[in-house]
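The structure appears below as structure tokens.
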Amino acid sequence: HLVSVYKDGNIRHASSIQIDTSCDELVVTFDGLINRTNFVKQVRAILLTLQEGLGTPVDIEFASDGKSFYLLQCRSQYTESDVSASAIPQDIPNDKILFSAKRFISNGHVPDITHVVYVSPQRYAEQSSLDVLVDVGRAVGRLNALLPKHRFILMGPGRWGSRGDIKQGVQVTYSDISNTAVLIEIAIKKGTYSPELSFGTHFFQDMVEAKIRYIPLYSDDQTVVFNERFLNSSYNMLPDILPEYAHLADVVHVIDVPACEKGKVLKILMNADIGQAVGFFSEPAVVSEKTIAALRPAEPRSEDFWRWRHRMAEQLALRLEPKRFGVQAIYLIGSTANATAGPGSDIDLLVHFNGSEVQKQELLLWLEGWSLSLAEHNYLRTGYMTKGLLDVHLVTDSDIKNRTSFAVKINAVTDQALQLPMMEQMEN
């Protein structure tokens with residue numbers, strides 16, 4: 032809809048007779064769409080119908096040509112209204128603090144972080160090769176799959192997920208950061224210029240759904256702590272776990288916190304009321320996982336979510352016939368293996384396959400049946416509806432020999448795949 036802005040400051044509906052392009056400024060508004068069509072009523076009806084069917088408010092992505100309405104995506108709205116502010120001790124010694132922050136802080140509590148992935152802002156900025164900068168993003172993606180889920184944090188310069196000027200931040204997609212517990216963007220001044228941060232907007236909805244916390248860190252602020260010495264001088268595991276990216280060791284640092292801090296872990300407390308966050312080294316503690324956001328409240332159960340998934344994976348493996356399907360071994364990985372699975376988590380399986388193409392198709396069909404059945408069972412237990420509960424990754428002899436794909440988790444240094452006994456192995 033077009034409106035005209037006249038010299039007197041008044042806004043009027045544009046008319047082909049009255050328009051004077053030499054004097055009038057034309058502005059496009061949504062007034063016509065809102066007031067002269069049924070579009071808003073149509074969208075409202077669709078949202079209410081979906082909300083009634085799913086039992087929760089939804090957000091949608093759509094397209095419209097003015098006649099037809101095309102629903103592209105629908106997912107439940109996630110909120111973080113139940114996240115409370117964490118009490119932040121004011122007497123933590125500076126030598127026990129990894130970082131503190133005082134700007135744009137939300138609420139949250141992230142306990143028992145065991146690994147830190149740190150992309151050095153200085154070293155990243157010094158790189159002149161586009162290939163090296165792209166490799167940094169790829170290395171982060173590989174680490175995202177290898178490190179313990181929700182037990183590591185990502186720290187890096189500027190705007191995580193930058194797609195244009197890659198110098199502004201590490202070029203990653205959401206799938207490359209999906210398993211982190213906290214995403215930290217570091218703003219380091221260059222002269223008088225302080226880089227603009229993304230505040231997680233590249234992945235905002237996905238981060239909220241996955242309970243990933245976000246912290247902007249202005250390390251040049253004299254009132255905050257930034258223990259850059261620990262990040263740069265601690266033993267870097269990157270060449271050990273990803274030898275193909277060893278050339279990035281001066282840019283990307285992977286730090287095993289308990290190994291470097293005599294068994295201590297990193298804890299992060301966030302308090303929006305006072306605008307403070309702190310990450311500090313402390314003794315590990317068993318902390319019950321508090322659901323930050325959920326599709327719908329799960330009914331209290333006497334059994335942990337991960338334990339039920341672990342038992343189901345064991346039962347599946349015991350019923351799998353290795354010779355029939357060409358399976359050499361089957362492993363449990365991910366949140367179920369790490370005992371961090373929630374009510375909507377997948378059961379991640381790693382299958383060492385060495386059979387024929389026919390056996391492969393039969394195996395995938397067999398596993399799909401399990402996946403659908405387990406999803407239905409999980410829905411009846413928790414109210415969480417998924418298309419399937421199994422996330423299956425096949426690896427070959429070649430993958431294991433060359434340590435490619437998910438095969439790196441077999442006999443890995445950290446987050447090692449857990450082998451499950453199969454039918455014939457138990458019989459023997």
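Going by our numbering, the first residue of the sequence shown is number 32, and it counts up by one from there.
C-beta atoms are modelled at their ideal positions from N, C-alpha and C, and glycine is treated no differently.
It should be emphasised that the depicted structure is a prediction, and the values quoted were computed from it without experimental measurement.
Buried or exposed for residue i, please, with buried defined as at least 16 other CB atoms from any protein chain shown within 10 angstroms of its CB.
| i | result |
| --- | --- |
| P88 | exposed |
| I65 | exposed |
| S160 | exposed |
| V439 | buried |
| S264 | exposed |
| P460 | Past the edges of the chain, shown from 32 to 459, lies residue 460, and the structure says nothing about it. |
| K354 | exposed |
| Q346 | exposed |
| L13 | Residue 13 is absent from the model: the chain starts at 32 and stops at 459. |
| S429 | exposed |
| S99 | exposed |
| P274 | exposed |
| S131 | buried |
| P374 | buried |
| D446 | buried |
| K418 | exposed |
| R194 | exposed |
| G200 | buried |
| R260 | exposed |
| N258 | buried |
| V318 | With a pLDDT of 41 at V318, under the threshold of 50, the modelled position of this residue cannot be trusted; read the value that follows with caution. By the 10 Å Cβ count, V318 comes out exposed. |
| R244 | buried |
| Y276 | buried |
| T322 | With a pLDDT of 35 at T322, under the threshold of 50, the modelled position of this residue cannot be trusted; read the value that follows with caution. With fewer than 16 Cβ atoms within 10 Å of its Cβ, T322 is classed as exposed. |
| R67 | exposed |
| Q153 | exposed |
| F234 | buried |
Assuming the contact rule is C-beta atoms closer than 8 Å, residue i and residue j should be a hit. Round their C-beta distance to whole Å, please.
| i | j | result |
| --- | --- | --- |
| Y249 | V255 | 7 Å |
| F311 | L178 | Going by Cβ atoms, the distance from F311 to L178 rounds to 20 Å, so no, they are not a contact pair. |
| L81 | A94 | So it is not a contact: roughly 16 Å between Cβ atoms. |
| K460 | T371 | Because residue 460 is not part of the residues shown, which for the chain are 32 to 459, the question remains open. |
| M467 | R338 | Residue 467 is absent from the structure shown; the chain starts at 32 and stops at 459. |
| K133 | D252 | 7 Å |
| A348 | L451 | 4 Å |
| F437 | V444 | Incorrect: roughly 15 Å between the Cβ atoms, too far for contact. |
| A360 | H383 | 4 Å |
| I119 | A303 | The Cβ separation is near 11 Å, so there is no contact. |
| S115 | L85 | Actually they do not touch by this definition, with Cβ atoms about 27 Å apart. |
Return the residue from the list the options that minimises the CA-CA distance to residue i.
| i | options | result |
| --- | --- | --- |
| I246 | H341, S159, A212 and E388 | A212 |
| E352 | K391, H341 and W339 | K391 |
| H140 | S117, E157 and K133 | S117 |
| M301 | V71, I215, R194 and T417 | I215 |
| V167 | G192, D126, S137 and T60 | G192 |
| D122 | V423, P452, V309 and K98 | V309 |
| L403 | A316, N138, V423 and T445 | V423 |
| W397 | F234, T417, G357 and V426 | G357 |
| V288 | L451, G373 and P315 | P315 |
| S151 | W401, L185, S137 and S131 | L185 |
| H278 | L164, F70, A360 and D62 | L164 |
| E157 | A170, P374 and P188 | P188 |
| Y155 | T417, I219 and I431 | I219 |
| R28 | G386, R194 and Q202 | For the chain, the structure presents residues 32 to 459; residue 28 sits outside this window and is missing. |
| I197 | D162, I217 and R182 | D162 |
| A344 | L449, D96, I91 and G84 | L449 |
| E92 | G84, G86, L85 and C105 | C105 |
| I305 | I299, R244, E240 and N138 | N138 |
| I299 | K127, E83, L85 and G84 | K127 |
| A368 | F336, V71, E240 and T60 | F336 |
| V296 | F183, V58 and A280 | F183 |
| K432 | L395, N385, V389 and Y415 | N385 |
| E240 | D90, V389 and I217 | D90 |
>> Threshold first: 3 residues or longer. Then list the beta strand (DSSP E) segments lying entirely within the stretch 132-177, N to C.
In response: 139-144 and 146-150
>> Assess contact between the stretch 147-163 and the stretch 277-293, defined as three or more Cβ pairs (one per stretch) separated by less than 8 Å. Is contact present?
In response: yes
> Considering only residues of the stretch 180-256, which uninterrupted alpha helix (DSSP H) runs meet the minimum length of 4 residues and lie entirely inside it, listed in chain order?
Replying inline: 235-240
> How about the stretch 168-184 and the stretch 198-214: do they share at least three Cβ pairs that are nearer than 8 Å?
Replying inline: yes
> If you pair each beta-carbon of the stretch 353-367 with each one of the stretch 378-388, do three or more pairs fall below 8 Å?
Replying inline: yes
>> Assess contact between the stretch 269-277 and the stretch 287-301, defined as three or more Cβ pairs (one per stretch) separated by less than 8 Å. Is contact present?
In response: no
> Given 8 Å as the limit, is there contact between the stretch 71-78 and the stretch 404-424, that is, 3 or more CB pairs closer than that?
Replying inline: no
>> Give the list of continuous alpha helix (DSSP H) stretches no shorter than 4 residues that lie fully inside the stretch 352-436.
In response: 353-356, 365-368, 388-413 and 428-433
> What are the uninterrupted segments assigned as alpha helix (DSSP H) that are 4 or more residues long and contained completely in the stretch 251-299, given in chain order?
Replying inline: 259-264, 269-272 and 288-291
> What are the start and end residues of each continuous beta strand (DSSP E) run of 3 or more residues lying completely inside the stretch 85-127, in chain order?
Replying inline: 89-95 and 100-107
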